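For reference, the structure is listed below as structure tokens.
2 protein chains.
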Amino acid sequence: MQIGGYKGTIYPINPREEKILGLPVYRSVLDVPNRIDLAIVTVRAEQVPPAMRECIQKGIKGAVLITAGFAETGSRGQALQEEVTGIARQGGLRFVGPNCMGIYSAAANLNLSLPGEVPRGSIGFVSQSGTFGGIFARAVASRGCGLSSFISAGNQADLDVADYLEYLANDPETKVVVMYIEGLRDGKKLFNVGRKIAGQKPVIIYKAGKNQSIARAAMSHTASVAGEDRVFDAMCRQAGFIRVDELLSLLDAAAILTRQPLPGGHRIGILGTGGLCVVLADTCVSMGMEVPELKEEHIKFIISDLEFPPHAPTPRNPVDFAGANRTALQEAGVLNKMAQLDYIDGLICNTPITWADSSKSSVAEQEKLLTQAAELITAIPQKLGKPVVTVDLSDIAFTNELIVKAMEAAGIPTYNTPEAAARAMAILVKYAEIKRRFPNASHPQLR
Amino acid sequence: MQIGGYKGTIYPINPREEKILGLPVYRSVLDVPNRIDLAIVTVRAEQVPPAMRECIQKGIKGAVLITAGFAETGSRGQALQEEVTGIARQGGLRFVGPNCMGIYSAAANLNLSLPGEVPRGSIGFVSQSGTFGGIFARAVASRGCGLSSFISAGNQADLDVADYLEYLANDPETKVVVMYIEGLRDGKKLFNVGRKIAGQKPVIIYKAGKNQSIARAAMSHTASVAGEDRVFDAMCRQAGFIRVDELLSLLDAAAILTRQPLPGGHRIGILGTGGLCVVLADTCVSMGMEVPELKEEHIKFIISDLEFPPHAPTPRNPVDFAGANRTALQEAGVLNKMAQLDYIDGLICNTPITWADSSKSSVAEQEKLLTQAAELITAIPQKLGKPVVTVDLSDIAFTNELIVKAMEAAGIPTYNTPEAAARAMAILVKYAEIKRRFPNASHPQLR
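Line order of the protein sequences matches chains A and B. Per my numbering, numbering of the first sequence is gapless, rising by one per residue and ending at 638. Per my numbering, numbering of the second sequence is gapless, rising by one per residue and ending at 638.
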């Protein structure tokens, strides 16, 4: 808390110490002279019931039970967990955990959980793994995003993922909610919260425990009963949750949703070279998107600036640049023109390559041309309101830095596999569909 | 060719030039005084038929037709391609292409295709995309591997992927064959070659053109007819090919197959912390592997060196380290012990973490302990003959450099998602199964 820059007062409670990290220590919460907003409990499991009773006596309304040794350890732990939950219920105290790794709140400057410096941002993360908190904090930073909140849900004896989702749905700092779930205490509750908030902000879920044969893993980790996966899947569809198949896809999905506009449909324009065009087009179709053929009357408009060799096949989407003489400005121009078509909802392209011929123009002229190219690209999300993602399989930085920086500023991501780029576009398409399905969402909407 | 260090003689043929890159130029192949092994043809499409006739007259037996403008451009190009193929057939000249980007052979020091320095290695790559050659050359290097061969197959008018596969199967420099395919000219031929060579070396295929609705992409790229995807899939299974879903998985699969031993079965031991154990176990099961529960009599043997907190659940595979006091040596010890169980065929673990307590030992002592830890890990593939892959989701280098280097030397890869690690293990499991299905393969086998 101190490292995290927490501005409120911290009261360490310990029966033996006098000072901890420079702070005066109290023997019991009952000895603290002032009101306490939140109790953070790290005593041993057997000592939690009396500690909770003292918290209630002190009038504390919220606690974070970091202590482990409850339902995840077996029937004795389960009984102890029920005792603690009963005490809290009777005393009107709500709690996070037990067996969790705390919470992080950017708004409150409160960090009970994440190591190192936490990137602030608009992603709210609810997790049944505490370890994933620290990992994800770093992983969102590498995606140009940050966290508004992190909640390590632990055994969910009192507050559960549905409560956290409802809280984050109403939290103005949170634009996207991502959840790592091992098991639900109350599936119906999560479903109802989902229906209530659907369309307000994206909710992205990774659910572990798909296979019953390995149920013991989730059980011994967070006492979770995984449940029937098909039921969970159907629930996600009906509640408007986006379910992802891979753990880190949680963050890829969150990142693209916070950075690019939503497409009006699922029709994708593809630009690039050779095999990558084929793979991208095929992958988009496999993921449920469409790659519409360019209308005859638009082909000239699209490719008029390119000099294709005489034998090159007419590009009809995908637009294969291969063989065409071109500059970065021309590539960007083709991209921008495709984005103007009313039957193209989003664009995927190779990161534009700077073939600018240095023999023909001065450095200043080239910079001007590249600036124009960057403007044509960034105008697509910013002015035309259509999403763009790019692919760069090569480690060689063909791409001009000026263009890379402009793309970063416009939130246009670059992926190192065609599938990752297509998946990002598919997430935008999917969430746009969810929003259309729940048009009456009353809250301010994510663009 | 010159940059690539080709040792043979190069004869440039050009009607107008006298010297090219310091080499004397001939007006026709017929003017070259010596025997020619390979013709590389880059003249315009219309000029290919006379050029081929001259090659035949000269007694040349092999050509690489880089020239584009054939079947990929429509019916006129198709006719021209048929003409060229007819000429070659009649004259006993075999050729690669047309509409390709050349070949690379590490053994011959011959590079017609790949930009920059090519990492030499044991992966033979057949591709219907020329661009992927250069991209993959860099991508294999980043996976600690290299190429023995690259063949840009182009339109496959004469030689096709089945021919290249047969060649690479018999090439002693090639340990794994990877193929990027857009369409087959002769599926049965590929199937027959596959059956003939099955079990000799891994053959990994990515097939684009899964969706008929986007067939025009492959058609205009390499004049490929994608065919029915289910048929292709069944062919792969029956011929013992490993089909991968994502483009770069070709290289991930090749890399793990060249670096780790094959497992005896599909039963995986998992070590790590918290949620990652749950995700890994669940993912392994989803991918068709088993995560067997540790037998009661083995648990003590496995975890005897660890100090778990009293309430911690007994680890039964996955072995969750969370909460246990431990050093890198102890983690490595657990890993090694699990690998000794006869019902564990392969291991996935968090990259071992060095908790070595500096207050307890000198730097020299710690280095000794870490060396011992590294030996315990690397002994698993090298002495016990079981594969190990590791996961490191964090960007923070918890892991000791000494251990990282030892793991690299032993070919133990680290992945940055749990799914990537599980996929790598699944590839090993799958190829081991293929080898068991084709036990009579006569050729020297990949371990």
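Backbone N, C-alpha and C define an ideal beta-carbon position, used for all residues, glycine too. Bear in mind that the values here come from a model prediction, so they are computed numbers and not experimental data.
- Just so you know, the alpha carbons of B/Thr322 and A/Glu373 end up roughly 42 Å apart.
- Considering only A/Lys626, A/Tyr197, A/Ile294 and A/Ala601, the residue with the shortest C-alpha distance to A/Gln451 is A/Ala601.
- Around B/Pro572, no beta-carbon contact reaches into chain A at under 9 Å, the shortest distance being about 25 Å.
- A/Thr258 is positioned such that its CB atom lies no closer than 8 Å to that of A/Ala348.
- Ranked by how close their Cα comes to the Cα of A/Tyr606, the residues A/Ile539, A/Ser553, A/Leu214 and A/Lys559 have A/Ile539 in first place.
- Residues of the same chain with a CB within less than 8 Å of the CB of A/Ala332, apart from the 5 flanking positions on each side, are Pro310 in chain order.
- Minimum Cα-Cα distance from B/Gly337 among the listed residues B/Val367, B/Val510, B/Tyr358 and B/Tyr217 corresponds to B/Val367.
- Leaving aside the five residues that flank B/Glu481 on each side, the residues in its chain whose CB is nearer than 6 Å to its CB run, in chain order, His457 and Arg458.
- For the stretch 525 to 542 of chain B, the set of residues with a beta-carbon nearer than 8 Å to any beta-carbon of chain A is empty.
- At a cut-off of 8 Å between beta carbons, B/Asp424 makes no contact with chain A.
- For A/Phe327, the uninterrupted alpha helix (DSSP H) run begins and ends at Thr322 to Ala332, by DSSP.
- Residues of the same chain with a CB within less than 6 Å of the CB of A/Met426, apart from the 5 flanking positions on each side, are Phe382 in chain order.
- Within the DSSP bridge table, the entry for B/Tyr606 names B/Val582 as partners.
- Between the beta-carbon of B/Leu448 and that of B/Ala330 there is about 16 Å, and that puts the pair past the 8 Å contact cut.
- Interface annotation, A/Thr322: in contact with chain B, CB-CB separation under 8 Å.
- Neighbours of B/Cys468 in chain A, taken as residues whose beta carbon is under 8 Å from its own, are Ala408 and His412 in chain order.
- Only exposed fits B/Val554, as fewer than 16 other CB atoms lie within 10 angstroms of its CB.
- A/Ser404 belongs to the set of residues whose beta carbon lies under 8 Å from a beta carbon in chain B.
- Excluding the 5 residues flanking it on each side, A/Ala409 has same chain C-beta neighbours closer than 7 Å at Glu373, Gly374, Ala399, Gly400, Ser415 and Ala417, in chain order.
- Rounded to the nearest whole angstrom, the CA to CA distance from B/Leu221 to B/Glu245 is 7 Å.
- The alpha carbon of A/Glu437 has as its nearest neighbour, out of A/Gly455, A/Leu497, A/Ala611 and A/Val470, the alpha carbon of A/Ala611.
- A distance below 8 Å between beta-carbons, with the five flanking residues on each side excluded, links A/Leu467 to the following residues of its chain, in chain order: Asn541, Val582, Leu584 and Pro609.
- Separation of A/Val422 and A/Gln429 (C-alpha to C-alpha, rounded to the nearest whole angstrom) is 11 Å.
- Among the residues of chain A, those whose CB is under 9 Å from the CB of B/Lys401 are Asp473, Thr474, Val476 and Ser477, following chain order.
- Separation of the CB atoms of A/Asn300 and A/Tyr197 is rounded to 5 Å, and the pair is thereby assigned contact status at 8 Å.
- Under the DSSP definition of a beta bridge, B/Asp511 partners with B/Gly463.
- For B/Leu520, no chain A residue has a Cβ inside 7 Å of its Cβ, as the nearest lies near 22 Å away.
- Assigned with DSSP and collapsed to three states, A/Ser219 falls in coil, not helix or strand.
- Listed in chain order, the non-local C-beta contacts of A/Ser318 below 8 Å within the same chain comprise Gly324, Phe327, Phe341, Ile342, Ser343, Ala344, Met370 and Tyr371, local neighbours out to five positions each way being set aside.
- Among the residues facing chain B, A/Pro509 is included, as its CB has a counterpart in that chain under 8 Å away.
- Under the Cβ criterion of 8 Å, A/Ile326 is counted among the residues facing chain B.
- For B/Ser411 and B/Thr264, the gap between their C-alpha atoms comes out near 6 Å.
- Put simply, the backbone Cα of B/Gly315 is about 5 Å away from that of B/Ser339.
- Only those residues of the stretch 355 to 372 of chain B whose C-beta falls short of 8 Å from the nearest C-beta of chain A are listed: Tyr371.
- With a beta-carbon spacing of about 28 Å, B/Gly213 and B/Lys252 fall beyond the 8 Å limit used to define contacts.
- The Cβ atoms of B/Ala445 and B/Glu364 do not sit closer than 8 Å to each other.
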